[in-house]
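Here full-length UniProt numbering is used: the first residue of the sequence shown is 1, the next is one more, and so on.
From the three backbone atoms N, C-alpha and C, an ideal C-beta is built for every residue, glycine too.
The model shown is predicted, which means the values in this text are computed figures rather than measured ones.
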Amino acid sequence: RRVPYTKDSTKNTVASKVVDIGEQIGVHIWYPAFRSFGEGIFITFTEGDEDFPNINNYINRTKFLNKIQNGAGLNEDAKSIIDAWKAISSWENNNQKEEGEIVDWSSINREPLFVWLHTLSHTLIKNISIYAGYNSASIRERIYVKKDKTGTVINGGILIYVTSIGSDGGMGGLIQLADVISDILEKSIESLTFCSNDPLCDEKKKEISMKNGAGCHSCLLISETSCEHRNFYLDRHLITRFR
């Protein structure tokens, strides 16, 4: 069941203020909303799973240096670690100017693990639409993250779902894929290895002034109706560098 609602809005002025649009009726405050039903698949990972990127180990510079020192020079494993570290470090501790303000890039939706999950979600939507019989524009996403006591993101999950107004919900096209979701997941990750816009797409790096790393309409960007984050916070490199 999906129940989106509008709590407040802002005016498009320099000194914008949040305007609460709720209406108090009795002891309750009511907001505009609607209820819809559907179906979905929730995917999560357990740390230690071969498909789960233990990004926090790479983020820690000390552990990264230890891995290099204990390795056999610049062998393939060491190069892989370097590539992975470069990919996640480009998303760390960055600030960006937006409309004269400094935006902290360390907030939840800019953390490397969130970007990893969001990128995986987009490639899953593109591939699931082929198998499920739904148009990709009708499939939506929701990203969940789990933090430890220090506030560090340590795990997360992806909800891929479709909803419709009324009580009928979906047609079963998504939940029917549960038995083959592992194959779809593998193909989705594999599809990010190459893009029809390469090498231009692959050479794109995450920069302070940009909300995305490597990714374009051919490989990652989906319909605005499907993405809750306006096609921001995506990077192929966070997937491919951890393979």
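Contact check, residue i vs residue j, beta carbons under 9 Å
| i | j | result |
| --- | --- | --- |
| Ser-196 | Cys-219 | yes |
| Ser-164 | Phe-37 | yes |
| Ile-184 | Leu-192 | no |
| Lys-207 | Ala-214 | Per the sequence shown, the amino acid found at residue 207 is Glu instead of Lys. No. Outside cutoff. |
| Glu-39 | Tyr-131 | no |
Cα-Cα separation between residue i and residue j, rounded to whole angstroms
| i | j | result |
| --- | --- | --- |
| Phe-232 | Asp-179 | 30 Å |
| Tyr-31 | Val-19 | 12 Å |
| Arg-140 | Tyr-134 | 11 Å |
| residue 246 | Ile-21 | For the chain, the structure presents residues 1 to 243; residue 246 sits outside this window and is missing. |
| Leu-234 | Thr-44 | 18 Å |
| Thr-240 | Thr-123 | 12 Å |
| Leu-159 | Pro-112 | 18 Å |
| Ala-33 | Lys-86 | 43 Å |
| Ser-89 | His-28 | 46 Å |
| Lys-149 | Gly-156 | 15 Å |
| Met-171 | Ser-209 | 42 Å |
| Glu-190 | Leu-117 | 15 Å |
| Leu-221 | Gly-26 | 45 Å |
| Cys-216 | Gln-24 | 45 Å |
| Ser-136 | Thr-225 | 9 Å |
| Phe-194 | Lys-146 | 30 Å |
Status (buried if at least 16 other CB within 10 Å, exposed otherwise) for residue i
| i | result |
| --- | --- |
| His-237 | buried |
| Leu-200 | exposed |
| residue 271 | Residue 271 lies beyond the residue range present for the chain, which begins at 1 and ends at 243; the question has no answer from this structure. |
| Thr-119 | buried |
| Ser-182 | exposed |
| Arg-230 | exposed |
Interface flag, residue i vs chain D, CB-CB below 9 Å
| i | result |
| --- | --- |
| Ser-164 | Chain labels in this structure do not include chain D; a single protein chain is all it has. |
Distance between beta carbons of residue j and residue i, contact taken as under 8 Å
| i | j | result |
| --- | --- | --- |
| Ile-125 | Ile-41 | With a Cβ gap of about 11 Å, Ile-125 and Ile-41 do not count as contacting. |
| Lys-205 | Asn-127 | That pair is no contact at about 25 Å. |
| Phe-114 | Ile-143 | 6 Å |
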